[in-house]
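Peer 1: Top line first, the protein sequences correspond to chains A and B.
Each step along the first sequence adds one to the number in our numbering, with nothing skipped, and position 280 is 280.
Just add 421 to the spot in the second sequence (first one is 1) and you have our numbering.
Number of protein chains: 2
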Amino acid sequence: MPTTAPVPTLVDVLTAARTASTALATATTAVKDAALRAIAHELRAGTADIVTANHEDLVAGQDDGLSSGLLDRLRLDVDRVDALADAVEHVVGLTDPVGQHVRGSVLPNGLQLTQVRVPFGVVGAIYEARPNVTVDIASLALKSGNAVVLRGGSAAQRTNAVLVRRIQDAVASVGLPRALVQTIDEFGRPGATELMRARGLVDVLIPRGSASLIQTVVAESQVPVIETGAGVVHVFLDESAPLDRAVDIVLNSKVQRPSVCNALETLLVHERAAERLLPALTARLRAAGVTLRGDDATRTIVPGVLRATEADWATESMDLDLSIRVVPDVDAAMAHIARWSTHHTESIVTNDVDTAEHFLAGVDSAVVMVNASTRFTDGGEFGFGAEVGISTQKLHARGPMGLLELTSTKWLVRGQGHIRG
Amino acid sequence: MPTTAPVPTLVDVLTAARTASTALATATTAVKDAALRAIAHELRAGTADIVTANHEDLVAGQDDGLSSGLLDRLRLDVDRVDALADAVEHVVGLTDPVGQHVRGSVLPNGLQLTQVRVPFGVVGAIYEARPNVTVDIASLALKSGNAVVLRGGSAAQRTNAVLVRRIQDAVASVGLPRALVQTIDEFGRPGATELMRARGLVDVLIPRGSASLIQTVVAESQVPVIETGAGVVHVFLDESAPLDRAVDIVLNSKVQRPSVCNALETLLVHERAAERLLPALTARLRAAGVTLRGDDATRTIVPGVLRATEADWATESMDLDLSIRVVPDVDAAMAHIARWSTHHTESIVTNDVDTAEHFLAGVDSAVVMVNASTRFTDGGEFGFGAEVGISTQKLHARGPMGLLELTSTKWLVRGQGHIRG
């Protein structure tokens, strides 16, 4: 009689990930880098397969009525696959955080304490219709010694299946376990729910995507989550802000790439600078296609500005929309930020040193800037070499996350028969 | 007509905590230390009130049938109040982590990046019948710049109410807001549930107490949690373990204070050392009152040992119980640990350097030791000066938590009109 192989359960997948992570935790950097080079090679060699599978996802997505923005994020062509392979090779050059000594001491009793960086173990990722995240997270997790379990969503399921198989082939070619990188798309939504409840089997869960996806994961997950959140981002133009600098920074923050989380939402202007700055600044913003909303003071100075509502102060724009409010002073600006910000990034334009330091110390956001565009909140710009996401929570990681933020620590204690008195 | 003050809601309490935390975030160390000294003074001055309230809680607890262990944890007498005040004064001497530079760089474009330590903001604590935690957490939170919201449980409600009022009086006496330290016991269980759902208002939640309390908080909380977990703790006696050192470390780990999380549960013994070590070692353990359970190999070598079950490998003892298993080698010991440990603390007794390093590298626990008693996993022993708890999760903090672990970070970015190209 023929025997049937048992269908693996999600717990089987997670257990295999845990076992594989144990092998990777003590792998040398050289082995991990060899795996990364093999992945880049496999992706390039598999371009035709990847693009074919992606084409099937795109056709299905069009039939399902996905928006053009989602379809563009979903699309992989030959150039984009090549860019993904490049990105994996770039990770080879990054510093391996595993084994780094964080701190240590020799206690008065002679006991030696060392806190060292270790991988988390098993990292879960939940995201939507972005096959590039599959490759990004897999390569960053691998370099930081972690196994990954990926839930990439049904829209990219065929693409992700091919990508994961290629990555597994590459990992196996250097003698590492295939279960280091696994997709659970086949388990559907129940699989995502089970992943969120798998505390003990999964060490950390990273949601990437829309605000509603992230909120669902935050609300439902029993596994510790790193929230990579939305940005309602502010620039405050202080009384002393020079016009040219104000224009440069506001334009760059708002217009350079309005669809991302570090782009500007709300401009706050000191009331004693509003008449000097707003006419020229708003003319430049309008010339760049920005729709302006503002409070009464703004609308008095700049004709034709739409009336801003509380919803405008609270909303991440993702587009060429800007809300403007005139405030009496820096403390009023900081109070507005405390009330409405998502604590991602805020910047002050000022020529006054005390005001700058007051703003830096008092604003409670992941990144607080003086005289710089908010667009610099980015793992690449920060010199991390790669970015897992931008954390807007305060636990574990805050701001752009690189390889370091994909690690935990453990304490090594070396004694010579020490006992406690 | 008389007006009635509106009854504050839990959201009012949490909002007041947030506002108060803003004032504390930029307070100098000198101001925070003055508040701590005032707290110690108020506790001593209020000893009679505290002991009276505590007596009412104790009487109610006896009527409610609380165990003698719980009643002992609940009890505050004159000496214990004095010890609490001493502990608060001790926190004055600890290094203030707020404002410390974690890392920084000047980017190629001249942008200056500095990652600095900042308070979380609002810390929630959920615990049971231990009024000393009220004072401990309040003083550590204050020193690290955080407001606290305390849910101490109904059994200690009268005691905690008096303690919190005294602490608030002290805080106010140095000009800081009373809302820095608040209890929500009056809101009952619904208040605890609401606290766990208050993501955005509370930055981190720390449960302290029984395994079931911690599991409830982990399962229900949408606020990020630091799990301070149970310890199923292991010692492995390697083939080369000297008898005297093995006896010292096992006895100290098991017997010195069996009711705490860093005490030993399971002894693993190399099969080529079992006959040499177990007879003398088990005789000493029995003389100390320890009940022994073991696998077949152990029971062959040591008559009268009870049969160990899987439940024994999985259970935190909290008492004078020890489970013993003979294993073929260090890898089998590590596999047992990977399967059954809660990843709190494990120790190897060995004279072989390679085996020691293999164990240190391969065991995935918060604290991994060589030739030392597991009882050293403790914030006080580690030189932190205080302990918030011992984290058994990997996110944010792992192992003993001191003041540093009550902080987050933020990035300060200083430019001179920098925009992104």
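Built from N, CA and C at the ideal position, the CB exists for glycine as well.
Quick check on the DSSP output: the beta strand (DSSP E) that includes Thr291 of chain A runs from which residue to which?
Peer 2: It spans 291 to 294 - the beta strand (DSSP E) in which Thr291 of chain A sits, taken as one unbroken run.
Peer 1: Any contact between the region 589 to 597 of chain B and the region 639 to 654 of chain B? By contact I mean 3 or more CB pairs, one from each, below 8 Å.
Peer 2: Judged by Cβ distances under 8 Å, the region 589 to 597 of chain B makes no contact with the region 639 to 654 of chain B, as fewer than three pairs qualify.
Peer 1: Listed from N- to C-terminal order along the chain, which residues in the region 19 to 33 of chain A have their beta-carbon within a distance smaller than 8 Å of any beta-carbon of chain B?
Peer 2: Taking 8 Å as the Cβ-Cβ cut-off against chain B, the residues of the region 19 to 33 of chain A that qualify are Thr22, Ala25, Thr26.
Peer 1: When Cβ atoms are compared, which residues of the region 362 to 376 of chain A fall closer than 8 Å to chain B?
Peer 2: Those residues of the region 362 to 376 of chain A that come within reach of chain B (Cβ to Cβ, closer than 8 Å) are Gly362, Asp364, Ser365, Ala366, Val367, Val368, Met369, Val370, Asn371, Ala372, Ser373, Arg375, Phe376.
Peer 1: Are three or more beta carbon pairs between the region 779 to 792 of chain B and the region 754 to 766 of chain B nearer than 8 Å?
Peer 2: At 8 Å Cβ cutoff, the stretches touch.
Peer 1: Among the residues of its own chain, which have a CB less than 7 Å from the CB of Leu76 of chain A, if the five just before and after it don't count?
Peer 2: Ile50, Val51, Asn54, Pro131, Thr159.
Peer 1: Output the distance between the C-alpha atoms of Gly823 of chain B and Phe805 of chain B, rounded to the nearest integer angstrom.
Peer 2: The alpha-carbon atoms of Gly823 of chain B and Phe805 of chain B are separated by roughly 6 Å.
Peer 1: Terminal residues of the continuous alpha helix (DSSP H) containing Gln589 of chain B?
Peer 2: Unbroken alpha helix (DSSP H) run through Gln589 of chain B: 578 to 594.
Peer 1: Any residues in the region 207 to 228 of chain A with a beta carbon nearer than 7 Å to a beta carbon of chain B? Which ones, in chain order?
Peer 2: Answer set for the region 207 to 228 of chain A: Val218, Ala219, Gln222, Pro224.
Peer 1: For a contact defined as C-beta to C-beta under 7 Å, what are the partners of Met252 of chain A on chain B?
Peer 2: Inspection of the sequence shows that residue 252 of chain A is occupied by Asn rather than by Met. In chain order: Ile840, Arg841.
Peer 1: Looking at chain A, is there any beta carbon in it that lies within less than 8 Å of the beta carbon of Phe608 of chain B?
Peer 2: Output row for Phe608 of chain B: interface = no.
Peer 1: Helix, strand or coil: how does DSSP classify Thr376 of chain B here?
Peer 2: Since the first and last residues shown for chain B are 422 and 842, residue 376 of chain B lies out of range.
Peer 1: According to DSSP, is Asp733 of chain B helix, strand or coil?
Peer 2: DSSP places Asp733 of chain B in helix when its eight states are reduced to three.
Peer 1: Among B:Val726, B:Thr516, B:Arg760, B:Asp742, which residue has its Cα nearest to the Cα of Thr22 of chain A?
Peer 2: The shortest Cα separation from Thr22 of chain A among B:Val726, B:Thr516, B:Arg760, B:Asp742 belongs to B:Arg760.
Peer 1: Express the C-alpha separation of Ala709 of chain B and Leu111 of chain A in angstroms, rounding to a whole number.
Peer 2: Looking at the two C-alpha atoms, the distance is approximately 26 Å.
Peer 1: Indicate whether at least one CB of chain B lies closer than 8 Å to the CB of Lys394 of chain A.
Peer 2: Closer than 8 Å: yes.
Peer 1: Phe541 of chain B versus chain A: which residues are under 7 Å apart at the beta carbon?
Peer 2: Near Phe541 of chain B (Cβ distances below 7 Å), the residues of chain A are Lys394.
Peer 1: Checking contacts by CB at 8 Å: is Gln100 of chain A closer than that to chain B?
Peer 2: No, its Cβ sits nowhere closer than 8 Å to a Cβ of chain B.
Peer 1: I'd like to check one pair, Leu435 of chain B with Asp622 of chain B: are the Cβ atoms closer than 8 Å?
Peer 2: Residue 622 of chain B is actually Leu in this sequence, not Asp. Yes, the Cβ-Cβ distance between Leu622 of chain B and Leu435 of chain B is below 8 Å.
Peer 1: Helix, strand or coil: how does DSSP classify Met1 of chain A here?
Peer 2: Note that Met1 of chain A scores a pLDDT of 48, beneath 50, so its modelled location is shaky; the value from the coordinates is reported in the next line. Coil, per DSSP.
Peer 1: Would you identify the three-state DSSP class for Pro821 of chain B, choosing helix, strand or coil?
Peer 2: The answer is strand: DSSP assigns Pro821 of chain B an E or B state.
Peer 1: Quick one: what does DSSP say Ile811 of chain B is sitting in, helix, strand or coil?
Peer 2: Note: Ile811 of chain B maps to strand in three-state DSSP.
Peer 1: What does a CB cutoff of less than 7 Å around Gly104 of chain A pick up in its chain, not counting 5 residues either side in sequence?
Peer 2: The residues are Leu113, Thr114, Gln115.
Peer 1: What first and last residue would you give for the alpha helix (DSSP H) that runs through Ala793 of chain B?
Peer 2: Where Ala793 of chain B is concerned, there is no enclosing alpha helix (DSSP H), although the beta strand (DSSP E) it sits in stretches over 788 to 793.
Peer 1: List, in chain order, every chain B residue whose beta-carbon is nearer than 7 Å to that of Glu265 of chain A.
Peer 2: Ordered by position in chain B, no residue passes the 7 Å Cβ test against Glu265 of chain A, which lies about 17 Å from the chain.
Peer 1: Does the ligand HEM have a heavy atom nearer than 7 Å to the CB of Leu825 of chain B?
Peer 2: No copy of the ligand HEM occurs in the structure displayed, which carries no ligand at all.
Peer 1: With 16 as the cutoff for other CB atoms within 10 Å, does Glu310 of chain A come out buried or exposed?
Peer 2: Exposed: under 16 other Cβ atoms inside 10 Å.
Peer 1: Taking the CB atoms as reference points, tell me whether Tyr548 of chain B and Val554 of chain B lie closer together than 8 Å.
Peer 2: Yes, they are a contact pair.
Peer 1: Check whether the region 219 to 228 of chain A and the region 187 to 202 of chain A touch, using three or more Cβ-Cβ pairs below 8 Å as the test.
Peer 2: Judged by Cβ distances under 8 Å, the region 219 to 228 of chain A makes contact with the region 187 to 202 of chain A, as three or more pairs qualify.
Peer 1: Hey, which unbroken runs of the alpha helix (DSSP H) at 4 residues or more fall wholly within the region 245 to 292 of chain A?
Peer 2: DSSP runs (the alpha helix (DSSP H)) wholly in the region 245 to 292 of chain A: 274 to 287.
Peer 1: With DSSP run on the structure shown, which of helix, strand or coil describes Ile419 of chain A?
Peer 2: Coil, per DSSP.
Peer 1: Can you confirm whether Ala568 of chain B, when its beta carbon is compared against all beta carbons of chain A, has any partner nearer than 8 Å?
Peer 2: It does not; no Cβ of chain A falls within 8 Å.
Peer 1: When the cut-off is 8 Å and only beta carbons count, does Leu713 of chain B lie next to chain A?
Peer 2: Not an interface residue.
Peer 1: Please list the residues of the region 401 to 416 of chain A that have a C-beta atom closer than 8 Å to any C-beta atom in chain B, keeping them in chain order.
Peer 2: Cβ contacts with chain B come from Ser408, Thr409, Lys410, Trp411, Leu412, Val413, Arg414, Gly415, Gln416.
Peer 1: Check for me: the beta strand (DSSP E) holding Val539 of chain B runs from which residue to which?
Peer 2: Start and end: 533 to 540.
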